[in-house]
Every structure is written in C-alpha cells, then in structure tokens.
Amino acid sequence: MRLFVYDCPDDDGARRVGDIVNPVLERLEAPHRRPLDEGEGCLSVPGAVMPVPRPDRAAVRGVDTGDAPARHHRGHRPAARREEVFARRAANIRALSA
Numbered sequence: 080m081r082l083f084v085y086d087c088p089d090d091d092g093a094r095r096v097g098d099i100v101n102p103v104l105e106r107l108e109a110p111h112r113r114p115l116d117e118g119e120g121c122l123s124v125p126g127a128v129m130p131v132p133r134p135d136r137a138a139v140r141g142v143d144t145g146d147a148p149a150r151h152h153r154g155h156r157p158a159a160r161r162e163e164v165f166a167r168r169a170a171n172i173r174a175l176s177a
C-alpha cells in the first residue's frame, strides 16, 4: 500500500487537506503542462543548486481512506510567485476575520 497525503493551498489560498491510497500519477497532455527548469538544492551540501527540469503541474488519482474516488491536481508554485500567493492568503484571512 502507498499513501499520498497533501496539505497545501489552492490557487485562491484556501487550504486543501486530503489523502489518496495507492495513488496513480496521471500523464497530463502537453497543452496542460509546461516544463520548469528551476534550481533545486541539496540539504547535504548547502549552497549547491542544480537545474531540475520538471512539469509545472501534476495530478494523482486513487481512493481516499474512506474508499471514495479521489483526485488531486496541483501546479508547482515557482518561488517568484510567493509574494503574490502570500498576499492573496493574507487578504483571505483578513476577509474571514472581518
């Protein structure tokens, strides 16, 4: 058995939490993805960064722990967008607190 657990915000900053048992990675067609060539570091060698090409989004499907069909589709968030994401998240928190 394999278990995929996620806890991440969606594009609007709303928190999405879930699990998928025995996940299957879906192949997304080219129009629905684009390659990213971002650097990725190594915890064992601080400061070492190498480009790692990967798709900008991924999707997995399977069943959740309640045996209901489940699918999780997520785009990777480049670090360059983090300020935008944090600002949207802060605005959502302010709106919920008002």
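Start counting at 1 in the sequence shown, then tack on 79, and there's your number in the numbering used here.
Beta carbons: idealized from backbone N, C-alpha and C, even for Gly.
Do residue i and residue j have their CB atoms nearer than 9 Å?
i	j	result
E105	A138	yes
M129	V100	no
H151	R133	no
D89	L115	no
Under the DSSP definition of a beta bridge, which residues are partnered with residue i?
i	result
D86	V96
P130	G118
V139	L104, H151
According to the neighbour-count rule (16 or more other Cβ atoms, all chains shown, within 10 Å of its Cβ), is residue i buried or exposed?
i	result
P125	exposed
Rounded to whole angstroms, how far is the Cβ of residue i from the Cβ of residue j, which I believe are closer than 8 Å?
i	j	result
R167	D91	7 Å
G97	D143	6 Å
V131	E117	7 Å
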